[in-house]
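Protein chains: 2
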Amino acid sequence: MRLKAVGLIFLMPCILFAQSSVQQKVRSFRQSNEGKILQEFIGLLSIPNVASDTKNIRLNATSIMEMMRRRGLNPRLLEAKTSNVPPIVYAEWKTPGAKRTIDLYAHYDGQPTDPKQWTETTPWQPVFRTAALEAKGQIAATPTGPPINPEWRIYSRSASDDKAGVMAILTAFAAVKETGSAFSSNIKFVFESEEEAGSAHLGEIIQLNKELLEADAWIICDGPVHQSGKKQVVFGARGDLNVDVTIYGAKRPLHSGHYGNWAPNPAMRLAQLLASMKDREGRVTIAGWNDDVEPLGELELQAINEAPQYDEELKKQLGISLTEGAPRSLLELINLPSMNINGFASGDVGALARNVIPTTASAVLDLRLVKGNDHKRQFERLVNHIRNQGYLVLDREPTDDERSKQVMIAKVTARSGGYNADRTKMDLPIALSVVEAVQSTTSDKIVRLPTSGGSLPLSVITQNLRTVTVSVPIANYDNNQHAENENLRIQNLWDGIETFAALMTMRTP
Amino acid sequence: MRLKAVGLIFLMPCILFAQSSVQQKVRSFRQSNEGKILQEFIGLLSIPNVASDTKNIRLNATSIMEMMRRRGLNPRLLEAKTSNVPPIVYAEWKTPGAKRTIDLYAHYDGQPTDPKQWTETTPWQPVFRTAALEAKGQIAATPTGPPINPEWRIYSRSASDDKAGVMAILTAFAAVKETGSAFSSNIKFVFESEEEAGSAHLGEIIQLNKELLEADAWIICDGPVHQSGKKQVVFGARGDLNVDVTIYGAKRPLHSGHYGNWAPNPAMRLAQLLASMKDREGRVTIAGWNDDVEPLGELELQAINEAPQYDEELKKQLGISLTEGAPRSLLELINLPSMNINGFASGDVGALARNVIPTTASAVLDLRLVKGNDHKRQFERLVNHIRNQGYLVLDREPTDDERSKQVMIAKVTARSGGYNADRTKMDLPIALSVVEAVQSTTSDKIVRLPTSGGSLPLSVITQNLRTVTVSVPIANYDNNQHAENENLRIQNLWDGIETFAALMTMRTP
Numbered sequence: 001m002r003l004k005a006v007g008l009i010f011l012m013p014c015i016l017f018a019q020s021s022v023q024q025k026v027r028s029f030r031q032s033n034e035g036k037i038l039q040e041f042i043g044l045l046s047i048p049n050v051a052s053d054t055k056n057i058r059l060n061a062t063s064i065m066e067m068m069r070r071r072g073l074n075p076r077l078l079e080a081k082t083s084n085v086p087p088i089v090y091a092e093w094k095t096p097g098a099k100r101t102i103d104l105y106a107h108y109d110g111q112p113t114d115p116k117q118w119t120e121t122t123p124w125q126p127v128f129r130t131a132a133l134e135a136k137g138q139i140a141a142t143p144t145g146p147p148i149n150p151e152w153r154i155y156s157r158s159a160s161d162d163k164a165g166v167m168a169i170l171t172a173f174a175a176v177k178e179t180g181s182a183f184s185s186n187i188k189f190v191f192e193s194e195e196e197a198g199s200a201h202l203g204e205i206i207q208l209n210k211e212l213l214e215a216d217a218w219i220i221c222d223g224p225v226h227q228s229g230k231k232q233v234v235f236g237a238r239g240d241l242n243v244d245v246t247i248y249g250a251k252r253p254l255h256s257g258h259y260g261n262w263a264p265n266p267a268m269r270l271a272q273l274l275a276s277m278k279d280r281e282g283r284v285t286i287a288g289w290n291d292d293v294e295p296l297g298e299l300e301l302q303a304i305n306e307a308p309q310y311d312e313e314l315k316k317q318l319g320i321s322l323t324e325g326a327p328r329s330l331l332e333l334i335n336l337p338s339m340n341i342n343g344f345a346s347g348d349v350g351a352l353a354r355n356v357i358p359t360t361a362s363a364v365l366d367l368r369l370v371k372g373n374d375h376k377r378q379f380e381r382l383v384n385h386i387r388n389q390g391y392l393v394l395d396r397e398p399t400d401d402e403r404s405k406q407v408m409i410a411k412v413t414a415r416s417g418g419y420n421a422d423r424t425k426m427d428l429p430i431a432l433s434v435v436e437a438v439q440s441t442t443s444d445k446i447v448r449l450p451t452s453g454g455s456l457p458l459s460v461i462t463q464n465l466r467t468v469t470v471s472v473p474i475a476n477y478d479n480n481q482h483a484e485n486e487n488l489r490i491q492n493l494w495d496g497i498e499t500f501a502a503l504m505t506m507r508t509p
Numbered sequence: 001m002r003l004k005a006v007g008l009i010f011l012m013p014c015i016l017f018a019q020s021s022v023q024q025k026v027r028s029f030r031q032s033n034e035g036k037i038l039q040e041f042i043g044l045l046s047i048p049n050v051a052s053d054t055k056n057i058r059l060n061a062t063s064i065m066e067m068m069r070r071r072g073l074n075p076r077l078l079e080a081k082t083s084n085v086p087p088i089v090y091a092e093w094k095t096p097g098a099k100r101t102i103d104l105y106a107h108y109d110g111q112p113t114d115p116k117q118w119t120e121t122t123p124w125q126p127v128f129r130t131a132a133l134e135a136k137g138q139i140a141a142t143p144t145g146p147p148i149n150p151e152w153r154i155y156s157r158s159a160s161d162d163k164a165g166v167m168a169i170l171t172a173f174a175a176v177k178e179t180g181s182a183f184s185s186n187i188k189f190v191f192e193s194e195e196e197a198g199s200a201h202l203g204e205i206i207q208l209n210k211e212l213l214e215a216d217a218w219i220i221c222d223g224p225v226h227q228s229g230k231k232q233v234v235f236g237a238r239g240d241l242n243v244d245v246t247i248y249g250a251k252r253p254l255h256s257g258h259y260g261n262w263a264p265n266p267a268m269r270l271a272q273l274l275a276s277m278k279d280r281e282g283r284v285t286i287a288g289w290n291d292d293v294e295p296l297g298e299l300e301l302q303a304i305n306e307a308p309q310y311d312e313e314l315k316k317q318l319g320i321s322l323t324e325g326a327p328r329s330l331l332e333l334i335n336l337p338s339m340n341i342n343g344f345a346s347g348d349v350g351a352l353a354r355n356v357i358p359t360t361a362s363a364v365l366d367l368r369l370v371k372g373n374d375h376k377r378q379f380e381r382l383v384n385h386i387r388n389q390g391y392l393v394l395d396r397e398p399t400d401d402e403r404s405k406q407v408m409i410a411k412v413t414a415r416s417g418g419y420n421a422d423r424t425k426m427d428l429p430i431a432l433s434v435v436e437a438v439q440s441t442t443s444d445k446i447v448r449l450p451t452s453g454g455s456l457p458l459s460v461i462t463q464n465l466r467t468v469t470v471s472v473p474i475a476n477y478d479n480n481q482h483a484e485n486e487n488l489r490i491q492n493l494w495d496g497i498e499t500f501a502a503l504m505t506m507r508t509p
């Protein structure tokens, strides 16, 4: 590592210079086209993009194919065998004499969202604000040309996660091509549409198109830059599995006066069950939870140590005064498997609350996995924990007979699309090239991380192809990803275009 | 008691005879008018009746006043001082020479409800079914005349709770009057419209109309008959208080991958907090919770012992195999204060669930109180318990300063309209008269209970007037009161009419 680090430092000055010229051209191109770029982006954001909404997902695919054709690419859809599965949008650009092939990956589907929870705007009617909502940003008219304030934000589902990736990649391609800069690799564009639904068909589609999708590396554009605003390169992602848990009370809702104190309350039982899974300090108490964790190597530990310490600033911004797992830092903790309650519900709260004992209580859990974990094994640990709390665990509704014999019954099911964590070695040549290319676009020292806390189907890619993955995220960290009021800071899109232009023209072996 | 019981038995034969004649006439009247009665009831049920829906609540009041005018009564509205408070509908019937005045009380407002949770039908479009939903009852056309199957049910919000009370009382009045039977008391009709919202203005309206509302007893028509189907007379009700609890996490929703394991999850903290309030056996663990309970007297204990034991049958029907507080019976347990989770919510479950750490988690608690409890003192015990779990307890949103200094913050607020329990002595002359009248309408031995598990603003009445209350419920016990798919079995309405006709003509001192 030391040797290679020296090599990197040695090469930096000339690389910086070479890239600088491309960067300058790409920047000019962007500056001359800001209005058009945003208009095209708004058009894409206006199409609802939840993976289960098959009709609209295909409209997104059509729209992206049109964007590709406008850039001189020849796109096609890669389909799963089953019908009605959202397709991958694919295109390739051959660079004469190129010795390296890179797949540029982003996804165009977004997390489900409840429009009612958004503030003033709705998920698929993109709106500009003069700043973040939290900073009292006001709704503003869509800017049509310069000067466009790069601190403005676009509020829309997938503005950051991950149509920003699609937009940055395709605009970087246009900029490099139109300004006559030299591509250094063969480039394959892979835009997935089931990432937020667990990438359930990604492996199948890769298997069906192995030759087409082969590459020396997949460069993943998804997720946020570092909280400090510094660009980052991430060498892995946690694995992920969602689990649904339902606890059963009486078969019909009961008046909480006439039966309260007597009929078991499933909300209380679920509260007791969930409370048994973490201690007061936020440590997961499920037996064996951290047993399989593969320890970080020297390079990974060093990268974490070099990353900016940002926890105190984050806590201030988020209005929290004690974190789970303290005193360990965020960057340490995302290298452990987690158990998060995404949501729970029983009966109603607020104006619709009634004096009842609900019939069921449900929670959705999010299990994050790190290198060494297996999602099926982790699920089994959760199920065993629930059994050990005294529950009959089923994967379906209980029968009357089971209800009559069992005191406590839980339905526990893993959602489809769970996958394991993946991590690429930080000293591979391609890894160093990517770091070098991203570093060439900024005078700030970029952050390198062994893994992101978030998940990407990296293991699905590396299990089905002989390749590696490196992630180069571009979104602002405070983007409300996965939640209501998702947004993208415009400057992050501009920076992302330059980053991906640098990757398309980076030094090859 | 023994002496009085002997007196009761001695009087029974002639009373039975006398009432029998009235009952026969009332039954004939009802049989000749079943279609019309149901038509009038359906009309009343069709008007939405959540207390906060001030416009529709007044349409209900207008409709009830029309029903009263059709019966030769001269109704009026009793209003609170504040505008927009739902009014009481009042009328009186003077009986020449009567030595007793009774107020007949029911309420015409209903619990809030989410139409989406109803099965096939909606709350305010009443529909007949050939049996209970649980028994696979099918939707059927509105019957217009005999023969009407009395086992059919009407599905609608307030079909049982408590427009059934309004309907039974007014139809019983029509039946007694039209058949020339003799009223034995002065009768005042008091139909409240804020009972499901905590009767927040009942005390004020009573104070403003003290003379008008004075009576020897208020007879309350609300709630279900015994689970065995037997008629019952209930001498008290639990008090009630609803409490909202909200726990705070980060100020904006966070990606559960990027921040899971590090950012505190308010859903987990609420689960831990709620879990601390009851043990695994369902006993409330809040300090002092049962301290103020006034022990039951000999008469009350005897009544409970004489009541049919129905717990095993109930457990079978409800699909539960162990009850909270076992081995104590339902009738014992409703004589203790309770703590029930009416509902909780954080993030989303089901199709809308996302991989986020929610910003807040909320629960609505229902505290039931028994004789001896004070609702303000019980609320303080709850607040103290939450403080003892390490929370800063506020009655508003936390400030940024509080967030930065406090590890755990809870907003805890009592909803308006809390009130205490009330219980009438079972050996008062009016109590014995009521028991005798209700008993005269059935060959089954009626059930007498010291209290219902459910609540009624009895203490508001007895604190503001020198009177006593006795409850005579009529609805089927499996009526889904307060929940979706509320319903009334038609025979229970027919029985209720006969019961209230008996009360209007009962023996006076």
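Protein chains in written order, with our numbering: chain A, 1 to 509; chain B, 1 to 509.
We treat Cβ as the ideally placed atom computed from N, Cα and C, and that holds for glycine.
| Asked | Found |
| --- | --- |
| Per DSSP, cross-strand counterpart(s) of histidine 107 (chain A) | A:Glu192 |
| Whole-Å CB distance - glycine 239 (chain B) paired with asparagine 420 (chain B), under 8 Å assumed | 4 Å |
| With 16 other Cβ atoms within 10 Å as the buried cut-off, status of alanine 168 (chain A) | buried |
| CB contact check: glutamine 227 (chain A) to chain B, cutoff 7 Å | no |
| Same chain, Cβ closer than 8 Å to proline 146 (chain B), five either side skipped, listed in chain order | Gln31, Glu34 and Gly35 |
| Complete alpha helix (DSSP H) runs within the stretch 172 to 255 of chain B (minimum length 4 residues, chain order) | 202 to 208 and 210 to 213 |
| Opening and closing residue of the beta strand (DSSP E) in which aspartate 401 (chain A) lies | Not the beta strand (DSSP E): aspartate 401 (chain A) falls in the alpha helix (DSSP H), residues 400 to 405. |
| Glycine 72 (chain B) in three-state terms, based on DSSP | coil |
| Isoleucine 545 (chain A), buried or exposed, once every other Cβ within 10 Å from all chains shown has been counted against 16 | Because chain A here runs from 1 to 509, residue 545 (chain A) falls outside it and cannot be looked at. |
| Buried versus exposed, by CB contacts within 10 Å (16 or more), serine 181 (chain B) | buried |
| Minimum Cβ-Cβ distance from glutamine 378 (chain B) to chain A less than 7 Å | no |
| Sequence-distant residues of the same chain with beta carbon closer than 6 Å to glycine 203 (chain B), five excluded per side | Val460 and Asn464 |
| Spatial neighbours of histidine 127 (chain B) in its chain, beta-carbon cut-off 6 Å, leaving aside the 5 residues before and after | The identity of residue 127 (chain B) in the sequence shown is valine, whereas the question assumes histidine. Within the same chain, valine 127 (chain B) has close Cβ partners Thr121, Ile139 and Tyr155. |
| Partners in chain A for proline 358 (chain B), counting only beta-carbon separations shorter than 7 Å | Gly343 |
| Status (buried if at least 16 other CB within 10 Å, exposed otherwise) for asparagine 305 (chain A) | exposed |
| C-beta neighbour in chain B for glutamine 232 (chain A), strict 7 Å | no |
| Chain-order list of residues whose beta-carbon lies under 6 Å from that of tyrosine 477 (chain B) (same chain, five-residue window excluded) | Pro224 and Gln227 |
| Rounded C-alpha distance that separates arginine 354 (chain A) from glutamate 484 (chain B) | 10 Å |
| Ranges of the beta strand (DSSP E) found wholly within the stretch 43 to 88 of chain B, counting only runs of at least 3 | 76 to 78 |
| Where the beta strand (DSSP E) containing threonine 469 (chain A) begins and where it ends | 468 to 471 |
| Alanine 303 (chain A): first and last residue of the uninterrupted alpha helix (DSSP H) it sits in | 298 to 306 |
| Aspartate 395 (chain A) versus A:Val243, A:Leu45, A:Ala91 and A:Ser160, residue with shortest Cα-Cα distance | A:Val243 |
| The stretch 153 to 165 of chain A: positions lying closer than 8 Å to chain B by Cβ | none |
| Contact set between the stretch 401 to 416 of chain B and chain A, restricted to residues whose Cβ is under 7 Å from the partner | Arg403, Ser404, Lys405, Gln406 and Val407 |
| Contacts that isoleucine 334 (chain A) makes with chain B (C-beta to C-beta distance below 9 Å) | Gly257, His258, Tyr259, Gly260, Asn261 and Trp262 |
| Listed by chain order, chain B residues near glycine 347 (chain A) by CB distance under 8 Å | Ile341, Asn342, Gly343, Phe344 and Val364 |
| Neighbour flag for isoleucine 57 (chain B) against chain A, beta carbons, 7 Å | no |
| Distance between beta carbons of leucine 365 (chain B) and valine 245 (chain B), contact taken as under 8 Å | 6 Å |
| Asparagine 49 (chain B) classed as buried or exposed, judged by whether at least 16 other C-beta atoms fall within 10 angstroms | buried |
| CB contact check: methionine 123 (chain A) to chain B, cutoff 7 Å | Correcting the residue type first, residue 123 (chain A) is proline in the shown sequence and not methionine. Taking Cβ atoms only, chain B never reaches closer than 7 Å to proline 123 (chain A), which makes this a no. |
| Cα-Cα separation between isoleucine 93 (chain A) and alanine 174 (chain A), rounded to whole angstroms | Sequence inspection shows tryptophan at residue 93 (chain A); the isoleucine mentioned does not correspond to that position. Answer to the nearest angstrom: the Cα atoms are 12 Å apart. |
| Lysine 411 (chain B) - containing beta strand (DSSP E), residue span | 409 to 414 |
| Rounded separation between methionine 339 (chain A) and leucine 213 (chain A) - CA only | 33 Å |
| Proximity below 7 Å, CB of isoleucine 102 (chain A) to CB of alanine 250 (chain A) | no |
| Residues within the stretch 430 to 463 of chain B neighbouring chain A, beta-carbon criterion of under 8 Å | Ser452, Gly453, Gly454 and Ser455 |
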